[in-house]
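What follows is one structure encoded as structure tokens, with my remarks underneath.
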Amino acid sequence: MPDAPYLIAAVAISATVTWALRALPFAVLAPLRASSTVQYLSTRMPAGVMVILLAYCLRDLHLTEVRAIAPLAALAVTVGLHLWRRNALLSILGGTTVHVVLASTLFAH
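Quick note on numbering: my numbering labels position 74 of the sequence shown as 230, and the sequence is numbered without any gaps.
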């Protein structure tokens with residue numbers, strides 16, 4: 157089989173490139189962990205992302221329509237659960253559940 161060395165070389169090069177691309181982000185980010193800018197962003201970004209998501213999700217919501225109750229109730233449940241338990245997973249699951257139940261039952265078209 158004369159093509160075997162080429163196949164072995166191709167697999168070895170592919171494996172090396174794949175490994176390097178997967179390791180590169182960890183190697184680059186390691187020195188940044190001590191950066192004051194990265195530490196500041198790590199404390200501020202989660203709240204910022206949530207505000208952006210909130211604005212995006214509620215941007216076309218008309219408060220005068222009855223169907224606005226489902227997302228607003230889900231928002232209230234999410235905020236209430238988070239203030240009560242300080243558990244992001246519980247807050248997200250609770251709010252999502254309330255929205256899905258209300259939107260698919262009471263406010264289904």
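Cβ coordinates follow ideal geometry from the N, Cα and C atoms, glycine included.
Closer than 7 Å: residue i CB and nearest the ligand MG heavy atom
i: residue 236; result: With respect to the ligand MG, the structure shown offers nothing to examine, as it has no ligands at all.
For residue j and residue i, the rounded distance between their alpha carbons
i: residue 243; j: residue 176; result: 36 Å
i: residue 172; j: residue 197; result: 33 Å
i: residue 200; j: residue 193; result: 11 Å
i: residue 166; j: residue 225; result: 58 Å
i: residue 163; j: residue 258; result: 57 Å
i: residue 179; j: residue 245; result: 29 Å
i: residue 169; j: residue 185; result: 25 Å
Buried/exposed call for residue i, threshold 16 Cβ in 10 Å
i: residue 237; result: buried
i: residue 265; result: exposed
i: residue 218; result: exposed
i: residue 203; result: exposed
i: residue 253; result: exposed
i: residue 160; result: exposed
Local conformation of residue i per DSSP, three classes
i: residue 255; result: helix
i: residue 191; result: coil
i: residue 264; result: coil
i: residue 178; result: helix
i: residue 242; result: coil
Exercise for review: Let me know the alpha helix (DSSP H) ranges lying completely inside the stretch 191-234, each 4 residues or longer, listed in chain order.
Suggested key: 192-214
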